Structure formats: structure tokens, C-alpha cells
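**Student:**
In C-alpha cells form, the structure reads like this:
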């Protein structure tokens, strides 16, 4: 990791934590535990890859970083809500996340379900407010992008396919589609949000969309490799669960060598999509390289 | 129930079912069960009180009913998602809803969680699309209203307080606040959405907001009475659960006679808020009266 990327990750993580801290102030009433549960999941954890992508893209177009911070936090709230629900006993049944016990382990299942639901609603509430952006057209475009990338055609639909993957043996095309939905869609939205804030018209977003698609897929293949080769203490969560569940992954379908080649190819391709941009896109290029190196 | 109200309920129920049927078309891929689960919960059940309120309010201002149908369906989608999650074993653990087995009973818990999450995201996706309303300012205002009324300051926050109610003994003020959040906020949003579609500026919405607040509370007190006096077969769900859980309700705090008086008083007050409107608001008046008579 370069010093520039390390600094950017630190700055973005601090900005997102600050936003969550302000927006999730604990009320002195019977909802206190609900807010503690949201804060437990949202504050002080994760690499903040999605907010980093929104900042790096919005910075290309000189967007006010106060505006970017709120939008990036709303996108991260959707990611955090999905982690809370995915970790539930009825879903992936995980005890550890980001090196801490999962929300339902600390606060109980009912509070975990509601904490996820609340972060889900808050993401849209935060984007609908004028503080997110003075132009309602920009706000509604951000909301549309986030809702589409997190619903049944995006993240939640991918999670449903992932649950089915334990029962059926998917081929490479289906696993690719599953992952494009489950993790790719929200990563793509994080990049798209930067372009929306930068007032780039849809037809001008093509290179950025290509970049986002390629890093999203590279990220997932790297995740599958990490799941087999990684260290649980470093990852902060249980690994090797796909194998135990008998699921097809990029690794079972491609083998380790081809999976590594594929990741490297996708990173090159992602960077190539940015050829129209100068040094101002170097952070996006570094993120693409970093994605295959991370230990998350 | 008058013939006018009965016709309106029938028309609105048909319009909402038609919208859900179109918007939740089942894809031929591993997500099929997810869509079947959403359709099971969303189509062909419930009195559609919230959509009825949106239609009755929007009709006051001559809003195009095609536009109203989509907005009313988005609001109902939030209500349906909350029912799916509330019924989960970790929450209220209910087997029956609207006379049918609950979603997790038919499709399993993980699919039920995801079906709720998907309806939640879809509500905002449907409102963000230009089909919801040509003016982005109207769309973003609808989204803000719906997100605020369903998140931690509204429905989900009220549900959290309701879970706490099993552990603590709440007083009348706290139970009133709990119910204003848990059911009142979304009912208020259903009325407000009609006013937003009708381009009524916020200061002009005061009478409608007063009306909504009063019928929301009356609805909840009537629900508490129904929970004690009702017939499970007619209600289509398990009753007398509050008593079993030792929760304070309007009935335990006020007693049956005062609860009945309070409901009647709130209905009169709700209707009085509409004094500035002529016969065009008769449907809203009938809804107020009906709320205390329903068997739901």
C-alpha cells in the first residue's frame, strides 16, 4: 500500500466515523440499545472501501468533501445493515465481524434485525435531506442508484442466490452474476455516486462504470482466495465457510492459479478504463491494485 | 361501513394488488423464491388502510390516480416489509398473518429476512423512478417522508420500544409515544404523501396532519381493544399476545370504558380537523369512523 492510499484510507475512515457518530447520537429513551447496536456495527471498523471509492471519484470532479462525506456514509450504512442481517443465525450465523462480536451476539437477534432495518431507512433519509445535496435531482438520482444496487436486483438478490448456492451447483456464469449482484452492485454504486455528485451525465460515466465492474469482480475473486488462504485473526471473521457449505466459488471453479491470473487481468482492465483521466485518477488506480493485496 | 367506503376499499385493494403484481414479476432464476415470498406477503391481503388514506387525500387535490397508485403501493410495501420482519421467530414469532401462514413459515427465515429487506429497498426504488412523479422535488419529498416515518424515529423505533415494553412497565405517555411511532408515523406519512402529490405546501398540511395523528392513535386504541375482544379467525392472526407478554397497552392503562371514550373523542377530533374541506373530504371522514369499527 502506498503512502497516498494509506492516508486516503485513514482520512475517509475518520470522516465516516465522524458522520456516523453525529448521525447516530444515542437518545435517552427506550431506543438507546437500538442506537448502541447501530453504532457497534457502524463505527470503528472495516476498510471503508465503498466510501473511499465515492471520495476518490467525487474528488476527480472537485466535489465539496462535506457533501461527499454524507453520501459516502449513507452508502456505507447500507453495507453495514447488510452485514448485520447476513450475520444473523438464520442467515450465515456468524459470531465475529471486523474483529468484534456480531450485533446479535451482543444485543440479541430482535435488536439486530431492527438495527439493520434502521440503518437501511436512515441511509435513504440522510440522502433525501437537503444537507446531502442542494439539488433535489442529484438527491433522487443518488437514492435511485442506492436502492437499485441494494434490492432484489442487487445486493439482497445476490445474497438470496448465495443461499441457493448451498443447495445447487452453480456454473461460472451464475457465480459471476451472483457476485456482480451481491458485492459488485454496491461497489458500482459507490463509484457512480461520485460521478452523480460530480454532475457527470450518464453517458459520460461509462469508463467509471467499467472500472467499477472490474474492481468489483476482482475484489470478490480476491475474497474467495482470502477465504481459503487467509488468517482468521487478520480477517476479523470466520473463514473457510464456503468450503464447509460445499458452495461453488471462483476458486473451486477456476483453481488458484487461474483465479490469481483473472484477478490481475481485471485490475489491469480496470486501470485501462481510466486512460482518459490524468494523475487526478491515481487514487482510483491505487485502489484497484490494493484490492487484490488486502487482508481485510 | 357505507357503500362509498366499501367501494373505495375494493378499488384501492385492486389497484395495489395490480401494482404489486406488475412490480414483483417473478424472474426465472435462483431468486424465484424471494419474489414468491414477497408476493405471498404483499398481494391479496390486508385492508390497505394506508393506500386508502393516500388515495383519499390525493383525490382531494385531483392527483392523477396512476401516480397515486404507485406511491400508495410503495408505502404499503414498507408496511408489508415491517409485518414480515415483526412476525419472525426472533421478533413476535407469529405463525399467521392476514389469514395465511407467515412468510418464514412458508419460505424459511432467511428468505423472510431478505424478502423484507427487498420490499424495503424496492419502496424507495419505486419512488425514485420518474414513473412515481415527473418532478424530482416531489419524489425526494415522498422518499424523505417515508424514510423518516419508517426508521428509528418512526415505525422501527416504535417496534424497538414495543420489545422493551415486555421488560419495563411503561406509563400512558410512553405507550402513546410508542404507538405514535410504531403505527402512527406510517399512517401519517400515507396522508402526507397525498398532500405532497397534491402540491400542498408544508404550512397548508396542518389540518391533514392533525387528522392523521388522531386517526393513528384511534386506530391503535381500537387495535388494543380488538386484541382483547376480537375473534382470531376474523382477525386472521393470533390475538391476546400483549396480555400474555404482560405489556402495558391503552386498555390496561385506561380500562375498556375510557379506551372506548378516548377512541370516539379522537374520531370526532380527526373529523373536526377537516372542517375547512367540503364534501370532497367525506371519504376521509368515513375512514375515521370506520377505524373504530373494523374487525381487521
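Protein chains in written order, with the working numbering: chain A, 3 to 298; chain B, 3 to 298. Ideal Cβ positions, reconstructed from N, Cα and C, are used throughout, including at glycine. Because the structure is a prediction, the values reported are computed rather than measured.
In three-state DSSP terms, what is residue 20/B?
**Tutor:** Annotated three-state conformation of residue 20/B is helix, per DSSP.
**Student:** What residue ranges within the region 215-267 of chain A form continuous alpha helix (DSSP H) runs of no fewer than 4 residues, ordered along the chain?
**Tutor:** 234-237, 243-247, 252-256
**Student:** Beta-carbon within less than 8 Å of residue 12/B's beta-carbon, same chain only, minus the 5 sequence neighbours each way: which residues are those?
**Tutor:** none
**Student:** On a CA-only basis, which of 32/A, 270/A, 265/A is nearest residue 155/B? Give me that one, please.
**Tutor:** 32/A
**Student:** With a Cβ-Cβ cutoff of 9 Å, do residue 98/A and residue 238/A count as a contact?
**Tutor:** yes
**Student:** Let me make sure I understand the geometry here. Which of 6/B, 131/B, 45/B has the alpha-carbon closest to that of residue 18/B?
**Tutor:** Ranking the options by Cα distance to residue 18/B, first place goes to 45/B.
**Student:** Provide the residue(s) that pair with residue 157/A in DSSP beta bridges, ordered along the chain.
**Tutor:** Answer by DSSP bridge pairing: none, since residue 157/A is not bridged.
**Student:** So, using beta-carbon positions, are residue 124/B and residue 76/B closer together than 9 Å?
**Tutor:** yes
**Student:** Give me the Cβ distance between residue 39/B and residue 105/B, rounded to the nearest whole Å; I'm assuming they're in contact under 8 Å.
**Tutor:** That pair is a contact at about 5 Å.
**Student:** Given a cut-off of 9 Å on the beta-carbon distance, is the pair residue 147/A and residue 120/A in contact?
**Tutor:** Residue 147/A places its beta carbon 9 Å or farther from that of residue 120/A.
**Student:** Determine, using beta carbons only, whether residue 161/A comes closer than 9 Å to chain E.
**Tutor:** Note that chain E does not occur in the displayed structure, where the protein chains are A and B.
**Student:** Could you pull out every residue in the same chain whose Cβ sits closer than 7 Å to the Cβ of residue 198/A, ignoring the five residues on either side in sequence?
**Tutor:** Hits under 7 Å: 140, 143, 144, 147.
**Student:** Cβ closer than 7 Å: which chain B residues qualify as neighbours of residue 136/A?
**Tutor:** Those do not exist, as residue 136/A stays about 12 Å from chain B at its closest Cβ, beyond 7 Å.
**Student:** Taking the alpha-carbon positions, what's the residue 240/A to residue 102/A distance?
**Tutor:** Roughly 11 Å between the two C-alpha positions.
**Student:** Do residue 289/A and residue 43/A have their beta-carbon atoms positioned less than 9 Å apart in this structure?
**Tutor:** The answer is no: Cβ separation not under 9 Å.
**Student:** From the DSSP output, in three-state form, read off residue 52/A for me.
**Tutor:** Reduced to three states, the DSSP call for residue 52/A is helix.
**Student:** So, helix, strand or coil for residue 32/B, using DSSP?
**Tutor:** coil
**Student:** Got a sec, what are the start and stop residues for the alpha helix (DSSP H) residue 202/A sits in?
**Tutor:** First-last for residue 202/A: undefined, no H or E at that position.
**Student:** If the criterion is Cβ atoms closer than 9 Å, does the pair residue 211/B and residue 194/B meet it?
**Tutor:** For residue 211/B and residue 194/B, yes; Cβs fall inside 9 Å.
**Student:** Using the Cα positions of residue 226/B and residue 282/B, report the straight-line distance between them to the nearest angstrom.
**Tutor:** Between residue 226/B and residue 282/B, the alpha-carbon positions lie close to 31 Å from each other.
**Student:** Would you please verify whether the beta carbon of residue 22/B is less than 9 Å from any beta carbon of chain A?
**Tutor:** No, residue 22/B lies away from the interface with chain A (no Cβ there is under 9 Å from its Cβ).
**Student:** Assuming residue 65/B is part of the alpha helix (DSSP H), what are its boundary residues?
**Tutor:** Premise fails: residue 65/B is in no alpha helix (DSSP H) and is neither H nor E.
**Student:** Step through the CB atoms of chain A and report whether any lies within less than 9 Å of the CB of residue 191/B.
**Tutor:** No, residue 191/B lies away from the interface with chain A (no Cβ there is under 9 Å from its Cβ).
**Student:** Find the residues of chain B that neighbour residue 142/A, judging by a C-beta separation of less than 8 Å, and give them in chain order.
**Tutor:** 130, 138, 141, 142, 145
**Student:** Would residue 2/A and residue 264/A qualify as a contact pair, given that the criterion is a beta-carbon distance under 9 Å?
**Tutor:** With chain A running from 3 to 298 in the structure shown, residue 2/A is simply not present.
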